[in-house]
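Following this note's numbering from start to finish, the sequence shown increments by one per residue and tops out at 1097.
Cβ coordinates follow ideal geometry from the N, Cα and C atoms, glycine included.
To start, the structure itself, in C-alpha cells.
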Amino acid sequence: MRKTLLLLLLTAVFCGAFARKTPQVAPAPQVPDSLRGFYLFTEGIKQAFIERDTAAARASLERSVEADSTYGPAWYELAELLLYNDAPAALRHAERAFRTDTTDKWYLLQLGQAQILNDRYRDAIRTYNRLREVDAQNPDSYRVLAMLYDQEGQPFSAIAVLDSAEVRFGRIDALSELKRRLLVGTRQYDRAVAEAQALIEAAPYKAENYLLLGELYARQKKDSLALVQFAEAYRIDSTSVAVLATYSEFYNERRDYASSLNYTRRLFASDEMPLDDKLAYFDRITGDRNFYSTFYLQINDLATTLAMKYPHDPRVVKLYGDHLIASGQLDDALTYYKTHLDDLPPRIDYFNMVIDIESYKQRPDSVERYTSRAMKLFPENVDLHLRKGQMLSYAKRYDEALKFYKNSLRLAPSDSLRGAVWGIIGETYHLMGQQALQKQSGDRRPKASLYESRKGPAARCMRKCYDAYDRSLALRYDNAMVLNNYAYFLSLEGRDLERALAMAGRAIVLEENNPTYLDTYAWVLYRSGRYDEAKKTMQQALSLDRSQSPDLQLHYGDILAALGEKFMAEVYWKKALEGGYDDPDAIVERFRRLKEAAQTPAAP
C-alpha cells in the first residue's frame, strides 16, 4: 500500500513538471508547517536571550509566524520585543497571540499592558476584568484595574474593585494605600480613617501607620487628633525622615514657621535625607527676603547644620558663604572662604570670593596676594588675569595692568570676551592719558584739556584708546560701555560728531533708562548745536539719576546757557559746584564768562 502511494506521488510530480498545457487543477488546502514555525521560534528565543541580538530574534520570529500564523508563542514573543519600543506594533502582535488562545493568562496580561501603553484604557479595563476571572489569585490585577478605573474618572468603581480584593485576599498594604487615596479623593474620610486604624491594629509597631492616620485627621482640620498620632509615630522612631518631614509640613501648612523650621533642622542633621533635597529646600525658603529676615535665627541653624555635616562639599561651602554674606557677616564669610583655600582639589570660586571681599574692603595688598596665589594654581584662567589687571589699574600701575589685560586676550575663549577686554584696554589708555597730562602740566588741569592735546604722551594714549575701542567694536559692536565712552570722548574733542551721535544712540537703545548714557547722547547733541533736543534728553537723564551726579548738573547748565536760559543755567552750575564737581575752577570760569557777557553792551 505504501509503495502504491509513493508511485502515485512521483507520477503527480512528473506530470506537473512536463505537462505544461494540461488544465490547472485547484490546489489542495495548505497545511501550516508547524515544525518549521517551531524551529524558527526556538531560534528567535535563542537569539534574544542567549545571543542578545534582538534584531535577529525579531527576524526569526517574523518568519516563524509566516510559517504558522496560528503559533501563539511566536506572536507573544514578538510583542514582548516591541512592547516598549513600538507600542502600536506590539499591540497588534499581542492581539494575534490572544486570538490563538483567549484563556491564556500570559496572553491576557500582555494584551492589557499593550493597551495601556497605547492609551486604550477602556479596552484595558475589559481585559483586566477578564484577567481577574482567568487568574483569580493574582492581587496585582485588582490593583491595575483599580488604577485604570481611576484614570478613566471612575473612582467609585476603583474602590469597589479594591473592596472585592480585600474580601478575597485580606488586607494588602499596596492595595490599602491605593484605597485610602481614593477614599480621600472622594471625601470618604470616615472610611479612610477606618482603613488607617485597621492598619494600626494590624501593625502597631510601624510609625508610618500612625503618620497616615494623623495626616487624615490633619486633612479634616482635627489638629489635636493629628498631633496625637504624630507624637506616637515620633515615639516609635524619632529619627525617621518621614516623621520629621510630616511634622515640618504640618506646621508649615499652619504658618507656624518657627516650629516647622525646628523639625527641618533635625531633618538636615539626618543621614537619611539626601543632600540634594536639603539644598533644594534651603534655596526655596531663602528666596523670600522677608521670610529670610524674619526667621533668620532658624535659617542660620539650618545653614550651620549643613556646614558642619558636609564641611567640604562645594555646594554647602557656597551655601554657607552666601548665607554669611547675605546676613551681613562679611568678615566671617572672608574667614570661612580662606579656611577652604587649601581644599583639594583647589577651587577657583573660593579664591574669587576672597578676592571679591578683599576688593570690596579696599585692601589692595590682600587682593594682590590672593590673586597671585590663585594664578599659580590656575595660570590659564582668564578671569584671574583680568582681576590682576583691574587691581593694578586701581593702583594706577597702568603699564603693568596692560600686560595682564593683553594676556587675557590670548586666553579669552570667545570674540565677545575679547571685545570686552579691548574695551577695558581702551579705558586703561584713557586713564594713562590723564596721568600723563597731569605729569606734563604739574598741576590739575580741566578734564577737557586731555581731548584738546594733539601731541605728546597724552595724545598718544588717546590714539591708542581709540584704536582699542575700534578693535573692541569690531569684535562686539553692541558693547554699550565702549559705545558710550567712545562717543563722549569724541564729543569732547569736537570731531566725528555724526559718528559719535550714532554710537551714543546705539548705547541708549542697548541700555534703556541709563542716565549716564542719556547724558552722553544729550552732550553730543549739544556739541552738534542741537540744543532743544539736548535739553529734552538731559531732562530725562536728570529724572532717572538717583545719585544727583554733578557732571549731569554741569552739562544741563551748559545746555541751558546755550539756549539763553541764564538764570537756570547758574542754578544748575551751582548745584554741580555744591555736589562736588571735581574741577570747581571750570564752574567758576563759566560764571565769569556769563557775567562778562551780561555786562557787554549789545551790538547796534
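For the set P839, R556, R1086, L885, the Cα lying nearest the Cα of R866 is the one of P839. In this structure, A961 sits near I918, with a CB-CB distance shorter than 7 Å.
Shown here for L533: same chain residues with a beta carbon closer than 8 Å to its own, the five before and five after excluded, namely S553, L554, R556, S557, A560, A567 in chain order. Within the region 808-849, the complete alpha helix (DSSP H) segments of 4 residues or longer fall at 823-832, listed in chain order. In the pairwise beta carbon analysis, the region 710-719 is classified as not touching the region 727-736: fewer than three pairs are separated by under 8 Å.
Per DSSP, reduced to three states, the secondary structure at P767 is coil, with no helix or strand assignment. The continuous alpha helix (DSSP H) containing Q606 extends over residues 598-610. Taking C-alpha positions only, K811 is separated from D770 by approximately 16 Å. Residue burial is scored here from C-beta neighbours: N900 has at least 16 other C-beta atoms within 10 angstroms and is therefore classed as buried. Straight through space, the alpha carbons of A997 and M868 are spaced by roughly 37 Å. In the structure shown, Y614 falls within a helical segment according to DSSP collapsed to helix, strand and coil. Of the residues P872, K896, E873, S852, the one whose Cα lies closest to the Cα of Y887 is S852. In this structure, the alpha-carbon of D716 lies about 10 Å from that of R747. Shown here, S1021 sits in coil according to DSSP, grouped into three states, outside any helix or strand. CA-to-CA, the gap between K802 and A762 works out to about 7 Å. Pairing V914 with L902 gives a Cβ-Cβ distance under 7 Å.
In the structure shown, H878 falls within a helical segment according to DSSP collapsed to helix, strand and coil.
Inside the region 666-697, DSSP marks whole alpha helix (DSSP H) runs of 4 or more residues at positions 666-678, 682-695, from first to last along the chain. Counted as a single uninterrupted DSSP element, the alpha helix (DSSP H) harbouring H586 occupies residues 580-593. Counting the other Cβ atoms within 10 Å of the Cβ of G663 gives fewer than 16, which makes it exposed. Taking C-beta separations shorter than 7 Å and ignoring five residues to either side along the sequence, the partners of P857 in its chain run M884, Y887, A888, following chain order. At the C-beta level, A951 and G926 come within 7 Å of one another. For L1056, there is no enclosing alpha helix (DSSP H), as DSSP gives it neither H nor E. Contact between Y891 and Q928 holds: their C-beta atoms lie close to 7 Å from each other, under 8 Å. As the crow flies, the alpha-carbon of K1059 is around 47 Å from that of R880. Following the DSSP letters along the chain, one finds R664 in no alpha helix (DSSP H), marked with neither H nor E. Nearest C-alpha to N978 among G916, P1008, L1037, R1039: G916. In the three-state DSSP reduction, K715 falls in the coil class, being neither helix nor strand.
With respect to the 7 Å criterion, L737 and L760 are classified as neighbours on the basis of their beta carbons.
When only Cα atoms are considered, G537 and E573 end up about 12 Å apart.
Per the coordinates, the alpha-carbon of P872 lies some 11 Å from the alpha-carbon of T864.
The Cβ-Cβ distance between D1051 and A1034 does not fall below 7 Å. If you draw a straight line from the Cα of W1016 to the Cα of I792, it comes to about 50 Å. If you ignore the 5 residues before and after A905, its C-beta comes within less than 7 Å of the C-beta of V875, R911, V914, all in its own chain and listed in chain order.
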